[in-house]
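As structure tokens, the structure follows; a few thoughts come after it.
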Amino acid sequence: MATTSPEVKKALEVIFAADSDIYQQRGFQRRVGYGTRPALVIIDLANAWTRPGYAFTCDDMDVIIPTNQALLKAARAKRIPVVYTTTAYQDPKGPHSDTGLWHQKIPVETLLEGSEEAAIDERIAPQEGEKVIVKKRASAFHGTYLAGYLRAQRVDTVILTGVTMAGCVRHSTEDAIAEGFRPIVVREGVGDRVPGVVEWNLFDIDAKFGDVEPVDNVLEYLDGIEAFANR
């Protein structure tokens, strides 16, 4: 699969640096910052997105999977809530399909609930007590119990990773801030399938909807918080 070349990434950095100046002059790109009670929300890192040969297969899993493994280790050490999502359907082709109109745009009919394709990648497999939400739309919040669960855990910060950057991660980030949570998108932990899409959406999210942070910063933050069990 195609990935964004170093030359393209460099060109985008130059363009976005100029765009950043415009945004900052107009009061954009402020920081929401980290809170004190985070949750890790991993978007759609199921086999249909992480493994080769599927319509939904995404690039850069050699970076995305290790990044999420490191975040999971840190999150579990502090016993913070961990939530996974996958997108899957019970009746993707029938007259009462739960895909809605989405099947008219993308091949969601290939994502069956309970299938291997919709299962979370075993390299970052959920542990006992960690939530796996089966969603029907792009956002992890739309039509799910995610917001209610996070509020019940008194979460104020949502660390977001996964795929796709232009779709489910972006919509989840926008809904996170709309629901009153501080969205932190981990730069190395997200991906997509089209060159350039990740860079553009990270830039735009950082300008308007959440903070885009390198994984080292996020790991340092997690290392510095008090474990959930102690408060």
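The numbers in our numbering rise by one with no breaks, and the one at position 94 of the sequence shown is 104.
Using N, Cα and C, we set each Cβ at its ideal position, and we do this for glycine too.
Values in this document were obtained by computation on a predicted structure and should not be read as measured data.
Asked                                                                                                                                                                           : Found
Mapping the DSSP letters down to three states, classify I75 as helix, strand or coil.                                                                                           : helix
Tell me whether the stretch 60-78 and the stretch 192-202 touch, counting them as touching only if at least three CB pairs, one residue from each stretch, are closer than 8 Å. : yes
Whose CA, out of P91, N78, Y64, lies closest to the CA of P48?                                                                                                                  : P91
Please specify which runs of the beta strand (DSSP E), each continuous and at least 3 residues long, are wholly inside the stretch 155-217, giving them in chain order.         : 167-173, 192-201
How would you label Y155, buried or exposed, when you count the other beta carbons within 10 angstroms and need 16 or more for buried?                                          : exposed
Does the Cβ of G110 have 16 or more other Cβ atoms within 10 Å, making it buried, or fewer, making it exposed?                                                                  : exposed
Please state whether DSSP places I134 in a helix, a strand or coil.                                                                                                             : helix
Between the stretch 57-66 and the stretch 140-149, do at least 3 Cβ pairs fall closer than 8 Å?                                                                                 : no
Between E140 and the rest of its own chain, which residues show a CB-CB distance below 6 Å, the 5 nearest in sequence each way excluded?                                        : V92
Per DSSP, what kind of secondary structure is P16 in: helix, strand or coil?                                                                                                    : helix
Out of L122, S182, S15, point me to the one whose CA is closest to I53's CA.                                                                                                    : S182
For K88 and A237, which I take to be in contact (beta-carbon distance under 8 Å), what is that distance rounded to the nearest angstrom?                                        : 5 Å
Just to check my reading of the structure: V208 and I169 have Cβ atoms closer than 8 Å, yes? What is that Cβ distance to the nearest angstrom?                                  : The pair is not a contact, with the Cβ atoms about 17 Å apart (cut-off 8 Å).
So does the stretch 33-51 actually touch the stretch 157-169, counting three or more Cβ pairs closer than 8 Å?                                                                  : yes
By alpha-carbon positions, which one of I75, D185, F26 ends up nearest to N211?                                                                                                 : F26
Whose C-beta lies closer than 8 Å to the C-beta of P224 among residues of the same chain, with five residues either side of it excluded?                                        : V196, R197, E198
From what residue to what residue does the beta strand (DSSP E) around L50 run?                                                                                                 : 48-53
Using only CA atoms, which one of H152, A162, G43, E17 lies nearest to V179?                                                                                                    : H152
So who's on the other strand from Y99, going by DSSP bridges?                                                                                                                   : L122
Between the alpha carbons of L122 and A157, how many angstroms are there, rounded?                                                                                              : 24 Å
Helix, strand or coil: which one does DSSP assign to D29?                                                                                                                       : helix
Report the three-state DSSP secondary structure of Y94 (helix, strand or coil).                                                                                                 : strand
Here's the rule I'm using: 16 or more other beta-carbon atoms within 10 Å means buried, otherwise exposed. How should D233 be labelled?                                         : exposed
For K115, which of helix, strand or coil comes out of DSSP?                                                                                                                     : coil
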